[in-house]
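Just so you know, we're using this note's numbering here: the sequence shown kicks off at 117 and counts up by one.
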Amino acid sequence: MHDIESIPLAQLTTLRTGAAPERMREASTTAELVDVLRDTWSGREPWFVLGGGSNLFVGDEPFEGTVIRVRTEGIEELPSPHAGRVRLRAQAGHGWDAFVAYAVEHGYAGLEAMSGIPGTVGAAPVQNIGAYGQEIQETLVEVELIDEATGEISTVPASELGLGFRTSVLKHHYGGEPLRRAVILSVTVDLLVAGERIVRGEQLRRALALHDDAPVPLGWVRERILATRASKGMLLDDADPDTHGVGSFFQNAIVPESVARALPPECPRWPVAPDLDAVTVIPLASYDGLVPQTKTEAPDVKVSAAWLIEQAGIRKGFKLPRSRASVSTKHALALTNRGGATAGEVAELARFIQSRVHAEFGLVLQPEPVLVGVEL
117 MHDIESIPLA
127 QLTTLRTGAA
137 PERMREASTT
147 AELVDVLRDT
157 WSGREPWFVL
167 GGGSNLFVGD
177 EPFEGTVIRV
187 RTEGIEELPS
197 PHAGRVRLRA
207 QAGHGWDAFV
217 AYAVEHGYAG
227 LEAMSGIPGT
237 VGAAPVQNIG
247 AYGQEIQETL
257 VEVELIDEAT
267 GEISTVPASE
277 LGLGFRTSVL
287 KHHYGGEPLR
297 RAVILSVTVD
307 LLVAGERIVR
317 GEQLRRALAL
327 HDDAPVPLGW
337 VRERILATRA
347 SKGMLLDDAD
357 PDTHGVGSFF
367 QNAIVPESVA
377 RALPPECPRW
387 PVAPDLDAVT
397 VIPLASYDGL
407 VPQTKTEAPD
417 VKVSAAWLIE
427 QAGIRKGFKL
437 PRSRASVSTK
447 HALALTNRGG
457 ATAGEVAELA
467 RFIQSRVHAE
477 FGLVLQPEPV
487 LVGVEL
């Protein structure tokens, strides 16, 4: 039932590590995907789904379970309840950048800054992907998913996904299980119908070198973002070893404002916006006519992991002796496979970087990709 010959995961992941799993299956339609998942779950064996393989770090030993390749594709346009907007529903296996390209070509704004991010649509909410200040949670409406525990399909609003900085309730965090074990079948976003836009975000304006508030075409934004990502080795290219990785291997650190103050002032940082719409609930039985004063707390701060790595003495292109894994020659945050590197070699380099940053700044960098059969 949709079983295929197992392929070494080194051939299917952008980091190019991983042996052939014990069993491999694939699905090209949503109905097939549901059938494959339910059948796999009935056997209660280890499993994981594989889309574009761009956010996956797989170990050298064969995975003792089933890998399910998600090959579903398709985009559907739906009416939006909001004037001047449109909704797009994409199947989980659809390529993310192809999805962004479709939106830009049709004049739908809201995804263009995330051009060039590898992977599939179904993986985007799991990771809450983002780039240059734009995140999928800004336009995400809902996902259709199937739960492992029940095998039931449901439509879940974005507000119930626990979306945070590169995380969600569906993500396998290093050292732990997801809060909800489920697989996304489709994703729906709500976009502005506009062939051009005024760029507001500081990070995106800086990336685009904008100096005024004149609206710019979506296609122009996409082209500039793709060029910027290519210059950093963040666009997949078989001929460029700098792209044989998972993009940013470590997450930018989110720290309290007091911790950020202790870092050198030249360390790039961005405030993490507080919840301005937070609601205080007072039980009616205990209400005495007074509303407690809202506590004002300093927002957390996001600091640049790439800067921390470089200032800890790890330069672009750095590698350990006799290792085939190295830091990208274009971006300090990317770990790359220079050709035939084992997962062990990549992990050794990652641990070395973590130890140097911790020794220098007291911060522990967390890996961004999902780790399967690997420990840091």
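The beta carbon of each residue, even a glycine, is placed where N, CA and C say it ideally should be.
> S270 bridges to which residues according to DSSP?
Replying inline: On the sequence shown, position 154 is the one that residue 270 refers to. When DSSP reads this structure, S270 sits in a beta bridge with L261.
> So, using beta-carbon positions, are T271 and D358 closer together than 7 Å?
Replying inline: For the purposes of this step, residue 271 is identified with residue 155 of the sequence shown, where counting begins at 1. For the purposes of this step, residue 358 is identified with residue 242 of the sequence shown, where counting begins at 1. No, these two residues do not count as a Cβ contact at 7 Å.
> Name the DSSP beta bridge partners of G134, please?
Replying inline: Taking the sequence shown and counting its residues from 1, one reaches residue 134 at position 18. According to DSSP, G134 bridges with nothing at all.
> Which same chain residues, not among the five before or five after P483, have their C-beta less than 8 Å away from its C-beta?
Replying inline: Here residue 483 is taken as the residue at index 367 of the sequence shown, counted from 1. Taken in chain order, the residues that qualify are F173, Y290, F365, F366, Q367, A466, L492.
>> Among P387, E138, E228, whose alpha-carbon lies nearest the alpha-carbon of L307?
In response: Looking up residue 307 in the sequence shown gives position 191. In terms of Cα proximity to L307, the closest of P387, E138, E228 is E228.
>> Measuring only the C-alpha atoms, how far is G200 from S374?
In response: Working through the sequence shown from its first residue, we reach residue 200 at position 84. Working through the sequence shown from its first residue, we reach residue 374 at position 258. A direct Cα-to-Cα measurement between G200 and S374 gives close to 43 Å.
>> I need the boundaries of the alpha helix (DSSP H) containing R322, first residue and last residue.
In response: Taking the first residue of the sequence shown as position 1, residue 322 is located at position 206. Per DSSP, R322 belongs to the alpha helix (DSSP H) from 318-324.
>> Using a 10 Å radius around the Cβ and a threshold of 16 neighbouring Cβ atoms, would you call V309 buried or exposed?
In response: On the sequence shown, position 193 is the one that residue 309 refers to. Label assigned to V309: exposed.
> Which class does D498 belong to by DSSP, given the choice of helix, strand or coil?
Replying inline: Residue 498 cannot be examined here, being either before or after the span of the chain that is shown, 117 to 492.
>> Quick check: what's the CA-CA separation for A475 versus R160?
In response: On the sequence shown, position 359 is the one that residue 475 refers to. On the sequence shown, position 44 is the one that residue 160 refers to. Each residue's Cα considered, the two are about 42 Å apart.
> Measuring CA to CA, which of D263, A463, W212, H222 is closest to G246?
Replying inline: Stepping through the sequence shown from its first residue, residue 246 is reached at position 130. Per the Cα distances, W212.
>> With a threshold of 7 Å on Cβ separation, who are the neighbours of A240 within its own chain once the five nearest residues in sequence on each side are excluded?
In response: Translated into positions along the sequence shown, residue 240 becomes position 124. Taken in chain order, the residues that qualify are W212, I252, V303.
> Roughly how far, in whole angstroms, is the beta-carbon of A441 from the beta-carbon of K432, given that I think they are within contact range, below 8 Å?
Replying inline: Here residue 441 refers to the residue found at position 325 when the sequence shown is read from its first residue. Here residue 432 refers to the residue found at position 316 when the sequence shown is read from its first residue. The pair is not a contact, with the Cβ atoms about 14 Å apart (cut-off 8 Å).
> Identify the residues that DSSP records as bridge partners of V480: which are they?
Replying inline: Residue numbering aside, residue 480 sits at position 364 when the sequence shown is read from its first letter. Paired residue(s): none; V480 is not in a bridge.
> With a cut-off of 8 Å, do at least 3 Cβ pairs link the region 273-281 to the region 316-326?
Replying inline: In the pairwise beta carbon analysis, the region 273-281 is classified as not touching the region 316-326: fewer than three pairs are separated by under 8 Å.
>> Just to confirm the assignment, what range does the alpha helix (DSSP H) spanning D213 have?
In response: To locate residue 213, count along the sequence shown from 1; it is residue 97. Unbroken alpha helix (DSSP H) run through D213: 212-221.
>> Assuming P178 is part of the alpha helix (DSSP H), what are its boundary residues?
In response: Residue mapping note: residue 178 aligns to position 62 of the sequence shown, counting from 1. That residue, P178, is in no alpha helix (DSSP H); it is neither H nor E in DSSP.
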